[in-house]
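Going line by line, the protein sequences match chains A, B, C and D. Just so we're aligned, residue 1 is where the first sequence starts under the numbering used here, counting upward by one. Just so we're aligned, residue 1 is where the second sequence starts under the numbering used here, counting upward by one. Just so we're aligned, residue 1 is where the third sequence starts under the numbering used here, counting upward by one. Just so we're aligned, residue 1 is where the fourth sequence starts under the numbering used here, counting upward by one. Have a look at the structure below, then the notes.
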Amino acid sequence: MTEMNFAEALVDALCVAMDADPKVSIIGRGISGHGAEAGADKRLVPYGDRVLDPPTSEAAVAMLALGASMTGLRMFHHFGSGVFAFEAWNQVVNEAANARYMSGGRLKSPVTYCMFHGLRQGGGPQHSASPHGAYAHNPGLEIVMPATPADAKGLVLTSIYSDNATVMLVHPTLLALRAEVPAGDYRVPFGKAAVHRQGKDVTIVALSRQVTEAMKAADILAQEGIDAEVVDPRTLVPLDETGILASVKKTGRLVIADEGPSFGSASEIAAMVAEKGFSSLKAPVARVNRPHTPVPFSPEMEAFLTPDAAKIAAAARRTVAA
Amino acid sequence: MTEMNFAEALVDALCVAMDADPKVSIIGRGISGHGAEAGADKRLVPYGDRVLDPPTSEAAVAMLALGASMTGLRMFHHFGSGVFAFEAWNQVVNEAANARYMSGGRLKSPVTYCMFHGLRQGGGPQHSASPHGAYAHNPGLEIVMPATPADAKGLVLTSIYSDNATVMLVHPTLLALRAEVPAGDYRVPFGKAAVHRQGKDVTIVALSRQVTEAMKAADILAQEGIDAEVVDPRTLVPLDETGILASVKKTGRLVIADEGPSFGSASEIAAMVAEKGFSSLKAPVARVNRPHTPVPFSPEMEAFLTPDAAKIAAAARRTVAA
Amino acid sequence: MNKQERLALFECMLRIRRFEEDVIRLAMAYDYVGRQHLYIGAEGAGAGACLALHKDDVAHTTHRNHGYLVARGSDRMAMFAEILGRDGGTNKGRGGPWHICDPDVGFHSTSAMVGGSIALAVGSAYGLMKQKSQAIAVAHFGDGTLDEGIGYESLNLASLLKLPVLFMCENNAKPGQRPSSMLAAKHLSHVPAALDIPTAVVNGANVEEVHAAAQKAVAHVRSGKGPFFLQADLERWPGSHQVHAAFPTGVTDIAMAWDSSKIDGKHADWIKTYDPILRHAKTLLAESVATQDELLAVDQRVTADTTKARETAEKSPFPVASDAAKQFA
Amino acid sequence: MNKQERLALFECMLRIRRFEEDVIRLAMAYDYVGRQHLYIGAEGAGAGACLALHKDDVAHTTHRNHGYLVARGSDRMAMFAEILGRDGGTNKGRGGPWHICDPDVGFHSTSAMVGGSIALAVGSAYGLMKQKSQAIAVAHFGDGTLDEGIGYESLNLASLLKLPVLFMCENNAKPGQRPSSMLAAKHLSHVPAALDIPTAVVNGANVEEVHAAAQKAVAHVRSGKGPFFLQADLERWPGSHQVHAAFPTGVTDIAMAWDSSKIDGKHADWIKTYDPILRHAKTLLAESVATQDELLAVDQRVTADTTKARETAEKSPFPVASDAAKQFA
Ligand SMILES: Cc1ncc(C[n+]2csc(CCOP(=O)(O)OP(=O)(O)O)c2C)c(N)n1
Ligand SMILES: Cc1ncc(C[n+]2csc(CCOP(=O)(O)OP(=O)(O)O)c2C)c(N)n1
Ligand SMILES: [Mg+2]
Ligand SMILES: [Mg+2]
């Protein structure tokens, strides 16, 4: 265990994988973003041309990664912002997602597509998307959203060693988050939620940066005598339905905190519980999402749209009171 | 009123719009598909170069439509299969969707993007997507899914005269469906569900081709003494929440029939009701979707995955028994 | 080229033709067989290129894929079975006609998206280069691929990184019909040339010309000099975009190479002057490389093999429907 | 070119420079101001091209957009206000610095996606042509756009349909730094040339050269002959990709054009030999088109206007936060 920030944990995972396996190969730059944590990427320099800095051709580069993965390389391709990856939508959701299944299992596609998502302050209408729900909607992809430095490391390593195409979404505001991270080849299993806080009154299922906000909300709620359980699915596909249902069974109440708009991840989690955990529910499900609108640049407007601890706490209060 | 098939109704709407307004302009070919209904497109021939047959460059062509719409043309762009439109994902969900809002309302973007979706028998892994849920996840777009010839005509005309970017998804197996269609400039409002059948025991919310299947299911159920109400939202964005909630309030039970996989439209409708109509619900919500998997070519496997009347009826029975 | 090689080209082309004819028969017999994009008429390009490759060279193909797989020796029974969605298919029935995958003979993913094959082949080339393989990658694609931005991006990537990839473009964008591409370039090959990729253009109906050019191109790529763009110009077979299964030019009778009275119908001209198989047969006869009987014997063998493969496939079982949502691990 | 025109080019460039300097000041003062992509150092290209346009010509720009808007007379107060996210901004604060939109002076959507502006401009050209307008469309974009497939597709569409669009490419992909494009083409302009689009290449630091070439290119496009590709080669301003607001070359003092003792710092060389504004000032002085005092007077006016616009914007209100989800109808 060493304390490091999320950006360092991401890069540490890549170094561990490259050291252990000559077939691991990386595409992209700015894996640690463009902010104060960007220096973490320096650890990649000694790996030379195992880290490819590609042209601004997202579609062809995504296919380069996929095609190379079919020859046996384990590819990790960072797109930068998730909206840049939109240029490679067909390549990720229709080519990579289907590749293994449609070959009848004859091909493997060990490729990981990583990208930033989220309301990041000043991203404006074109740079603020949180597309994890839309990716999860396309069968064949594994969808991964680390919320802590340790999970960042453990999920990167599991992604790299998965023989399926994986999409990982990172919130840039998490890059600075510091915590203990296990050393070496640490892997976090897919499909296993993390319960960050036990509670009995209400379940808060939170994704990515909203895990931090949910933990803050739980602190606020605790002062009011509301005992919240905070559950982070960590992977959307596969989704730990059992873990989520068990928590809702205990608390009877569900709040979902996610930056994505409607028709997305929070919708799926709510629907799944309304189907399979209906008898546990004592109150309406509540979603804390960004409203269904393009994202304005103006800072106060953006803040108005952004899910946060206060909004999560308010939803939890309503749910508990219902 | 004239009886015509869905393909003819689509084309009729385009002709009505082009006759009334010289600014209406079309891009694409095969609007009526490649099957027995393809002949309907012949009515477009006399419009000459108001119908552009473009190169296989989905991204640039989608932007051609968007850019032209900003100069005052009302553009209708048919992509062919929805998976081809994946090549223009960024252009539709990040450029067109944001254009009007991000200009502070100074630009209009009267562009309609039309495409086929769905399990169409033999489409296999790469040609069977139903991406309406993923489109709906991107704020700024209006999402339209006609299920009848009259709605096809009325929704095309409303789309063309909308000043926002609109995405319309058509199931190719609907093209042959025949019914009465109003003459002239007939428009169907966005955000207003159609109740195709009144019932008191269970609400079936169905989309696109599943409306036909839901009506068949309702017939089957009627013979068993179950009185199903069939509701077609017709537009996903805006969604007629009031109409859906009113139906669920009456029946207390909800089945959603949609070809899309999870993390999509059915998820959103289920979640919305679990939030806003929870007190009406007497039983778990049930979704009839395609399972979360790439789509195999093999015909019996594809049939196994495809939502149909029998599966809808089975879900309704379970719900009523719960 | 020696006799054996020239006959091998003939046999390879004929194998493709007989295969595709049986695909039409299947499409007539089974209504669920997907829309067919047949390789008839393009055999000169496919056979000429594929016989210049090594077994471990990695190819990616488009929707019009059967010809290459047959040329490189994929099991035809398994190919037919795939087209029929059977469990014994190359892809266990999951892929269907557009996605036939056979890594054993060098075929990785086949994409039915225009622009898919070229981009994946660039990826294979990257993977092969990083793993210091002697194999090269091949992108089989049509002129339509250069309409797509990803086609251009892929050419650029290959040129930038000097990747070992052969771009094998089949250009059937001939005037008269709606072309499969709409490119403002005066010549397709100006696009790769602008990106500093060496190019050559050959007549796709002349299998020996294609083969010689492909051998040169492959040698260039294999020697580490980077990509090469080989363009075979083709005339579209009249049934090449058929929605309903049909034999517009009829079943090929090899005797048409010496007895033109057997040729008739609306497309007699195509058969007489264009058909790359008959053309090669005529050359072999004219240059006394083979006799009519030798050619007929090859045909008999190929036809028998093909029929047997098809019939076996037709009898093979479907996968268990309820396994549809099971993923491969 | 007469004195008035040559001075207009000077004033236009200076207006852009003073604007961008104030953007840096704002970025230092307000932490929420988005990442800035400034037009400093490229004024020769922007002013040279924009002054060759008519008011109703429709332009689409990239993330590096301020210069064009200033050049064509967009209200600088509203531009500053937009950069500050204020209600009085060009886009009511919804767009921010990357998306400034001002149809009144010919600016439709500004896209911050590489490849966005070129593709939208092709669309505008299509719309203008269909409506038989005399106006033309202009795509302002950087070399990076030719990395993206959509850039290539857009060139092809314009050439195929003979659309009235000027492709105005600013190429700052100079060796030494990480370039903003990675193209295997020996020259960028080989790409449009392969697609049969006429091209010209000019030195973007020489505003008069750019302007003359732009006038010719615009005349070609306006006469209905189809698209034209004009490439201005530029040297990147040291702060052109700044994440944190800074003045790497300092605030421009026009007197540097005649008094080089005022030039110092790490980037003195760039200022002395490259700065397009000082370069033009020197020409105007050397050719006795203007005096030092005249130039200083222009600067005084421009600086005062700019400051006033900025200060007004800083005092202007934010939009009501709770209106964020309201759509425009
Ligand atoms: C991205 C995408 N857009 C459109 C299509 C539809 N489509 C199928 S085949 C084809 C033409 C392809 O032409 P070409 O590559 O030259 O092959 P050909 O059929 O001429 O052999 C098109 C446009 C597709 N498959 N993928
Ligand atoms: C589709 C997409 N991919 C990546 C980016 C990230 N990006 C922002 S600016 C830039 C470089 C653009 O280079 P160029 O167009 O030459 O403009 P310059 O900054 O050199 O003026 C890139 C890659 C983007 N905005 N959009
Ligand atoms: Mg072709
Ligand atoms: Mg540049």
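Ideal Cβ placement from N, Cα and C applies to all residues, glycine included.
If you look at isoleucine 204 of chain B, you'll find it in the beta strand (DSSP E) that goes 202-206.
Shortest Cα-Cα distance from glycine 265 of chain C to any of C/Gly250, C/Trp258, C/Ser117 and C/Asp259 involves C/Gly250. Fully enclosed beta strand (DSSP E) runs of no fewer than 3 residues occupy 228-233 of the region 226-250 of chain C, in order along the chain. Here the region 288-306 of chain A makes contact with the region 255-272 of chain A; the two share three or more CB pairs at distances below 8 Å. When rounded, the separation of the alpha-carbon atoms in lysine 225 of chain C and glycine 89 of chain C is 38 Å.
Each of B/Leu174, B/Ala9, B/Glu229 and B/Leu64 was checked against the Cα of serine 109 of chain B, and the nearest Cα belongs to B/Leu64.
With a minimum length of 4 residues, the unbroken runs of alpha helix (DSSP H) contained wholly in the region 189-272 of chain B fall at 209-223 and 241-251. For serine 180 of chain D, the Cβ falls inside the 8 Å cut-off from some heavy atom of ligand 4. Counting only runs that start and end inside the region 126-185 of chain A, the beta strand (DSSP E) elements of at least 3 residues fall at 142-144, 166-170 and 178-181. Under the three-state reduction of DSSP, phenylalanine 79 of chain B is assigned to strand. Against tyrosine 32 of chain C, the close residues of chain B are Gln121, Gly122 and Pro299, in the order they occur along the chain (beta-carbon pairs closer than 7 Å).
C-alpha of isoleucine 312 of chain A to C-alpha of aspartate 232 of chain A: approximately 14 Å in a straight line. Here alanine 313 of chain C carries a helix assignment [DSSP, helix/strand/coil].
The nearest non-hydrogen atom of ligand 2 is 8 Å or more from the C-beta of alanine 205 of chain D. Here valine 33 of chain D is buried, its C-beta having at least 16 other C-beta atoms within 10 Å. Methionine 113 of chain D has its CB nearer than 8 Å to a heavy atom of ligand 2. Alanine 232 of chain D places its beta carbon 9 Å or farther from that of glycine 95 of chain D. With a cutoff of 9 Å on beta-carbon distance, phenylalanine 6 of chain A and alanine 193 of chain A are scored as not near each other.
Counting along the chain, the unbroken beta strand (DSSP E) around methionine 168 of chain C starts and ends at 165-171.
Segment contact: the region 176-191 of chain D against the region 7-14 of chain D, fewer than three CB-CB distances shorter than 8 Å; contact not assigned. Annotation: Cβ neighbours of glutamate 87 of chain A in chain B (cutoff 7 Å, chain order): Asn90.
If you look at glycine 33 of chain A, you'll find it isn't in any alpha helix (DSSP H); DSSP assigns it neither H nor E.
DSSP places arginine 15 of chain D in the helix class (H, G or I) of the three-state scheme. Flagged as an interface residue toward chain B: glycine 95 of chain C, by a C-beta distance shorter than 9 Å.
Following the DSSP letters along the chain, one finds alanine 217 of chain C inside the alpha helix (DSSP H) bounded by residues 207-222. Identification of residues in the region 17-40 of chain B having a C-beta nearer than 9 Å to some C-beta of chain C yields Arg29, His34, Gly35 and Ala38, given in sequence order. Taking all protein chains in view, the Cβ of lysine 92 of chain D is crowded by 16 or more other Cβ atoms within 10 Å, so the residue is classified as buried. Fully enclosed alpha helix (DSSP H) runs of no fewer than 4 residues occupy 43-50, 66-71 and 76-83 of the region 41-109 of chain C, in order along the chain. Counting only Cβ-Cβ distances below 8 Å, glycine 80 of chain A has no contacts in chain B at all, with the closest Cβ about 13 Å away.
Residue pairing by DSSP leaves glutamate 294 of chain D without any beta bridge partner. In the DSSP annotation of this structure, the continuous segment of the alpha helix (DSSP H) that includes valine 61 of chain B starts and ends at 58-70.
A Cβ-Cβ separation of about 12 Å leaves leucine 52 of chain B out of contact with isoleucine 31 of chain B under the 8 Å criterion. The three-state secondary structure of valine 320 of chain C, taken from DSSP, is coil. For glutamate 95 of chain B, same chain residues with a beta-carbon under 7 Å away, outside a window of 5 residues either side, are Met63 and Leu66 in chain order. With respect to chain A, the C-beta atom of proline 192 of chain C has no partner C-beta closer than 9 Å. Interface flag for threonine 235 of chain B against chain A is unset, since no Cβ pair is found closer than 9 Å.
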